[in-house]
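S.K.:
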Amino acid sequence: MNNILAVTVTYGNRFHLLRQVIDAALNEGVNKVIVVDNNSEPESREKLKEYHKLNKDRIDVLYLSENLGSAGGFKRGLKRARDDPECEFIWLLDDDNMPCPGSLETLKKFWESQDLEGKEERLALLSYRKDKFDLKTIKSNNQEGVPGKKNSFSGFHVSQIPLYVRTVILRKIRENEATRPRLPPEVTVPMAPYGGLFFNKKLLDVIGYPMEELYLYSDDHEWTYRIICRKGRIVLLTDSIIKDLETSWDIPRKNGTMLSKFSPSNTFRVYYGIRNRSYFEKKYLVTRRYVYNLNRVLFLLLIFFHDLFFFGTLKTFKTVLRAIEDEKKNRLGKRFTD
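In structure tokens:
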């Protein structure tokens with residue numbers, strides 16, 4: 500397998516992270532790294548330009564004049580890779596996803612071992628990121644657990660309340676690394692984040708590109724879930740390891756709960772997360788509208804009391820309401836104003 504291109508999207512002032520990712524990807528053996536500069540800060544962009552000058556044969560940079568979000572950024576990076584005559588395979592990486600030694604080789608070996616008919620248009624592989632995949636879900640190989648239970652709202656379902664309670668009570672035991680068994684080498688999952696996804700570029704002819712109207716959050720899930728909807732397969736390889744140089748905002752703190760990310764300081768992320776997750780759920784997961792509505796009401800009550808009790812304000816609650824209303828009226832795109 501040759502002609503592998505890595506695609507990454509950067510923003511803000513993150514060159515110090517991006518460079519580690521590029522260097523690691525090149526060391527793993529990718530032929531070229533396509534970087535989409537999503538209107539990053541001037542300091543970071545200048546450093547990238549200098550770095551690009553020294554590595555023009557192995558780095559291709561697309562500079563955007565505005566931040567198009569993860570959906571728009573990866574869409575343009577994917578199109579750039581798709582149109583590159585030297586590209587055969589694509590490996591997506593966030594700008595803080597540093598591939599560990601042997602991660603790409605693991606992907607290549609597994610791909611070559613598969614005899615799935617038409618795998619170029621049906622199969623995607625995924626590198627393992629510890630913070631992105633719950634151990635219990637991986638061990639159970641429960642495909643429904645990753646996108647959420649049918650008719651759940653933002654991942655919340657009334658039938659799982661006992662599980663939520665049990666999770667909080669036993670968190671310390673479950674988080675004890677010493678008690679964790681070895682992960683299975685491969686797990687089929689129903690959707691994936693951008694970071695770590697590996698596939699033949701012919702897959703793009705089947706599933707298309709990310710939905711730019713979602714802007715960011717859940718755009719990766721909506722896009723990759725199309726693989727499953729078209730009778731394809733996504734395989735997580737736990738021996739292909741990517742190190743997250745920064746912890747994602749939506750990963751609960753060690754002693755946190757499912758509501759930990761809902762705070763007045765996070766309303767930008769909360770808005771897009773709720774709005775786009777609602778879009779995804781209605782498109783793919785809702786089979787009983789009354790159950791979905793019940794879960795939404797209960798979830799809103801939880802947010803209401805969480806907001807009032809912990810912050811003495813209803814800012815987050817109001818943001819969630821606005822996100823739900825915008826999704827109902829199909830007001831997508833870049834819309835958030837604080």
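Here the sequence shown is numbered in the working numbering, starting from 500 and rising by one per residue.
Every residue, glycine too, gets a C-beta built ideally from N, C-alpha and C.
Model, not experiment: these values are computed from the prediction.
1. Decide if T687 is buried, meaning its Cβ has at least 16 other Cβ atoms within 10 Å, or exposed.
2. Taking the beta carbon of Y789 as the centre, do at least 16 other beta carbons fall within 10 Å, making it buried, or is it exposed?
3. For K574, I'd like the list of residues in its chain whose CB is within less than 7 Å of its CB, leaving aside the five on either flank, ordered along the chain.
4. Go through the segment 708-745 residue by residue and report every complete run of the beta strand (DSSP E) that reaches 3 residues or more, in order.
5. Determine contact between the segment 520-532 and the segment 611-618, defined as no fewer than three beta-carbon pairs at a distance below 8 Å.
6. Report all residues from its chain with a CB closer than 7 Å to the CB of S653; omit the five preceding and five following residues, and keep chain order.
7. Assign V785 to one of three DSSP states: helix, strand, or coil.
8. Enumerated in chain order, which unbroken segments of the alpha helix (DSSP H) with a length of 4 residues or greater are wholly contained in the segment 515-577?
9. Taking Cβ positions, are M690 and T723 nearer each other than 8 Å?
10. Between which residues of its own chain and D743 is the CB-CB distance below 7 Å, once the five residues before and five after are set aside?
11. Assign N640 to one of two classes, buried (16 or more other C-beta atoms within 10 Å of its C-beta) or exposed (fewer than that).
12. Hey, would you say K730 sits closer than 8 Å to R581, going by beta carbons?
13. Going by DSSP, what residue range makes up the alpha helix (DSSP H) through E619?
14. Report buried or exposed for S543, applying the criterion of at least 16 other Cβ atoms within 10 angstroms of its Cβ.
15. Let's test the definition: count the other Cβ atoms within 10 Å of the Cβ of S564 and tell me whether it reaches 16, buried, or not, exposed.
16. Tell me which same chain residues have a C-beta within less than 6 Å of the C-beta of N754, skipping the five on either side of it?
17. Which of the three DSSP states, helix, strand or coil, is assigned to T687?
18. Our contact map puts R821 next to Y770 with C-beta atoms below 8 Å; I'd like the distance itself, whole angstroms only.
19. Verify the contact flag: E826, CB atom, against every heavy atom of the ligand NAP, threshold strictly below 7 Å.
20. Kindly indicate the opening and closing residues of the beta strand (DSSP E) around F697.
21. Out of C599, K607 and K578, state which residue places its alpha-carbon closest to the alpha-carbon of K700.
M.R.: This is what the structure holds:
1. exposed
2. exposed
3. Y708, P709 and E711
4. 732-743
5. no
6. I773, R776 and F798
7. coil
8. 541-553
9. yes
10. D595, N596, R628 and D630
11. Because N640 sits at a pLDDT of 48, beneath the cut-off of 50, its placement in the model cannot be relied upon, and the following sentence gives the value as read from the coordinates. It counts as exposed.
12. no
13. Looking at the DSSP string, E619 is not in any alpha helix (DSSP H), and its letter there is neither H nor E.
14. buried
15. exposed
16. Low confidence applies to N754: its pLDDT is 49, below 50, so where it sits in the model is not reliable enough to give any reading.
17. strand
18. 7 Å
19. No copy of the ligand NAP occurs in the structure displayed, which carries no ligand at all.
20. L696 to N699
21. K578
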